[in-house]
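Colleague:
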Amino acid sequence: MSFDHIIDRRGSNCTKWDMMSAPSIGVPAEDGLAMWIADMDFAAPDFLQEATQGLLDKANYGYFIGEDPLKDKIANWMQTRHGWTVDPAAMFSTYGLGNGIGICLQALTQPEDEVIIFTPVYHEFTVKVKKSGRTLKESPLVIRDGVYHMDLAALEASMTGREKLMIFCSPHNPAGRIWTPEEMRALAAFCARHDLILLSDDIHHDLIYPGETYVPMPVAAPEVLDRLVMLTSASKTFNIAGSRLGTISIPDENLRARFGKLFRALDISPNLLGVVLTGAAYSDRGAAWLDDLRPYLAENSRVFLDGMAQIPGVTPMPMQSTYLTWVDFTNTGMEMSEVIRRVRQDARIAPSVGAEFGTGGESFLRFNIGTPRARVTEAVERLQQAFSDLQ
Ligand SMILES: Cc1ncc(COP(=O)(O)O)c(C=O)c1O
Numbered sequence: 125m126s127f128d129h130i131i132d133r134r135g136s137n138c139t140k141w142d143m144m145s146a147p148s149i150g151v152p153a154e155d156g157l158a159m160w161i162a163d164m165d166f167a168a169p170d171f172l173q174e175a176t177q178g179l180l181d182k183a184n185y186g187y188f189i190g191e192d193p194l195k196d197k198i199a200n201w202m203q204t205r206h207g208w209t210v211d212p213a214a215m216f217s218t219y220g221l222g223n224g225i226g227i228c229l230q231a232l233t234q235p236e237d238e239v240i241i242f243t244p245v246y247h248e249f250t251v252k253v254k255k256s257g258r259t260l261k262e263s264p265l266v267i268r269d270g271v272y273h274m275d276l277a278a279l280e281a282s283m284t285g286r287e288k289l290m291i292f293c294s295p296h297n298p299a300g301r302i303w304t305p306e307e308m309r310a311l312a313a314f315c316a317r318h319d320l321i322l323l324s325d326d327i328h329h330d331l332i333y334p335g336e337t338y339v340p341m342p343v344a345a346p347e348v349l350d351r352l353v354m355l356t357s358a359s360k361t362f363n364i365a366g367s368r369l370g371t372i373s374i375p376d377e378n379l380r381a382r383f384g385k386l387f388r389a390l391d392i393s394p395n396l397l398g399v400v401l402t403g404a405a406y407s408d409r410g411a412a413w414l415d416d417l418r419p420y421l422a423e424n425s426r427v428f429l430d431g432m433a434q435i436p437g438v439t440p441m442p443m444q445s446t447y448l449t450w451v452d453f454t455n456t457g458m459e460m461s462e463v464i465r466r467v468r469q470d471a472r473i474a475p476s477v478g479a480e481f482g483t484g485g486e487s488f489l490r491f492n493i494g495t496p497r498a499r500v501t502e503a504v505e506r507l508q509q510a511f512s513d514l515q
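Here the sequence shown stands for residues 125 to 515, where the numbers follow my numbering.
(1) Would you call Lys360 buried or exposed, if buried means 16 or more other Cβ atoms sit within 10 Å of its Cβ?
(2) Given Ile149, which residues of its chain have a CB within under 6 Å of its CB, disregarding the five upstream and five downstream residues?
(3) Give me the Cβ distance between Cys228 and Phe481, rounded to the nearest whole Å; I'm assuming they're in contact under 8 Å.
(4) Per the contact definition of three or more C-beta pairs closer than 8 Å, is the stretch 393-406 in contact with the stretch 189-196?
(5) Does the Cβ-Cβ distance between Ile302 and Val239 come in under 8 Å?
(6) Taking the alpha carbon of Asn455 as the reference point, which residue from Phe511, Tyr447, Arg468 and Lys140 has its own alpha carbon closest?
(7) Quick check: what's the CA-CA separation for Ala214 versus Leu355?
(8) According to DSSP, which residues form a beta bridge with Phe292?
(9) So which of Asp350, Ile327 and Asp330 has the shortest CA-CA distance to Ile321?
(10) Hey, quick one: how far does the alpha helix (DSSP H) through Met283 stretch, first residue to last?
(11) When burial is assigned at 16 or more other CB atoms within 10 Å of the CB, is Lys252 buried or exposed?
(12) Which residues count as close to ligand 1 when the rule is a CB under 6 Å from any of its heavy atoms, in chain order?
(13) Can Met441 and Val271 be called in contact, C-beta distance under 8 Å?
(14) How many angstroms separate the CA atom of Val347 from the CA atom of Ala312?
(15) At 3 residues or longer, what runs of the beta strand (DSSP E) sit wholly inside the stretch 402-489?
(16) Assuming Thr420 and Ile493 form a contact by the criterion Cβ under 8 Å, report the distance between their Cβ atoms to the nearest whole angstrom.
(17) Do Gly484 and Thr243 come within 8 Å of each other at the CB atom, strictly closer than that value?
(18) Taking one C-beta from the stretch 372-390 and one from the stretch 162-170 each time, how about it: are there three or more such pairs within less than 8 Å?
(19) Looking at the secondary structure, which residues open and close the beta strand (DSSP E) in which Ile267 lies?
(20) How would you write the range of the beta strand (DSSP E) that Thr243 sits in, first residue to last?
(21) Find out if the Cβ-Cβ distance for the pair Gly431, Val504 is shorter than 8 Å.
(22) Give a yes or no on whether the minimum CB-CB distance between Ile327 and chain C is below 8 Å.
(23) Roughly how many angstroms separate the alpha carbons of Glu248 and Gly478, rounded to a whole number?
(24) Mind checking which residues open and close the beta strand (DSSP E) that includes His273?
(25) Is Asn363 near Met164, with beta carbons less than 8 Å apart?
(26) Given this structure, state the Cα-to-Cα distance separating Arg466 from Trp160, to the nearest angstrom.
(27) Using CA coordinates, which residue listed in Leu279, Ser256, Lys255 and Pro342 is at the minimum distance from Val266?
(28) Counting only runs of 3+ residues fully inside the stretch 335-410, write out the beta strand (DSSP E) ranges in chain order.
In structure tokens, the structure reads:
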């Protein structure tokens, strides 16, 4: 299947394409370009279609077994793709990772506890912390050499002892920064010093550009295993977020027991489609498809970032992974309300608004380039046109 093939997702109850014309966003359905919520516009690959067909052929949607073989497949994928040895017995299947984060917050922290996140970051971290009634503590990332760095010295100076858990995004959403093993070890040491539980959300672990190296936290810093919760999923990699399956792996027995108690009380188990699709994805055919996808996304990123960099005052952040570009409009000198108006109304594009990603995101927009190349090119042309007066 060619990633260039365009499918029309409009009218399919698709959040990304069918909600951009809502009054709060206001991008026309007819010729708008949806570049916000994080899924891709490619048709599902044949191995997923065949797996779904297999499910249909059985004409049986009752209770099912098969979660243990799935966990073995997940463990095998993590071992072969990422060099991470994970025990299937340490895994829990949640209703996606947003759900997993919510359970972690309830199970592993108390209402009076504070939770650290590195902003700007995936906006749902903030939402989940607030909804769970915990207090959010932002540690703003700093831009050095054009990319984000954690400022652990500043965070250290602000610690009060109320902080109990940290959510880390690896690779980082937005902009796809891949943290180095040295940075991860420094973070692990920080968590040990302050007795913090470390949630490493690695949902974007497979969308690594050719030539780049991603190392999961337990490989980079095995010393953190006694306080580590790993969040992984096939959902971003294979574009199966609608099947709602995430994996929470907790190597430490005591921590696992705390999580497991609430998990069992809530009676959470995966749904049939999620198990079928993730099982089909974590296969040799899935690996081959992914290895075609990665250079395609890298080239989409290059096309988009190069095109945006041609607009005076617009600064796209370099990327190492993901399809979530991050573009700074500070030097246009415009109010963000005007930038957003031009992008939505003049270019007819729906991006994600940077302010939602927390402190440091205010002057940015996030554009999702997980779409056929022709749409990326079209987006660049529309955006260059919408800001042509800056030339
Ligand atoms: C870092 C991160 N975590 C979690 C999620 C959501 O995961 P799920 O759809 O499994 O709830 C996303 C979606 O964009 C994400 O970027």
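Where is the CB? At the ideal position from N, CA and C, for every residue including glycine. Please read all numbers here as calculations on a predicted model, not as lab measurements.
Modeller: This is what the structure gives:
(1) buried
(2) Ala474
(3) A Cβ-Cβ separation of about 20 Å leaves Cys228 out of contact with Phe481 under the 8 Å criterion.
(4) yes
(5) no
(6) Looking at the Cα atoms, Phe511 is the closest of the given residues.
(7) 12 Å
(8) Ser324
(9) Asp350
(10) Here Met283 belongs to no alpha helix (DSSP H), and DSSP marks it neither H nor E.
(11) buried
(12) Ala162, Gly220, Leu221, Gly222, Tyr246, Cys293, Asn297, Asp325, Ile327, Ser357, Ser359, Ala365 and Gly370
(13) yes
(14) Looking at the sequence shown, residue 347 is not Val but Glu. Using only the alpha carbons, I get a separation of about 7 Å.
(15) Runs of the beta strand (DSSP E) inside the stretch 402-489: 448-452.
(16) Here residue 420 is Tyr; the residue named in the question, Thr, does not match the sequence. Incorrect: roughly 10 Å between the Cβ atoms, too far for contact.
(17) yes
(18) no
(19) Val266 to Arg268
(20) Glu238 to Thr243
(21) The answer is yes: Cβ separation under 8 Å.
(22) The structure shown contains no chain C, having only a single protein chain.
(23) 13 Å
(24) Val271 to His273
(25) In this structure, Asn363 places its C-beta atom within 8 Å of the C-beta atom of Met164.
(26) 16 Å
(27) Leu279
(28) 352-356 and 370-373
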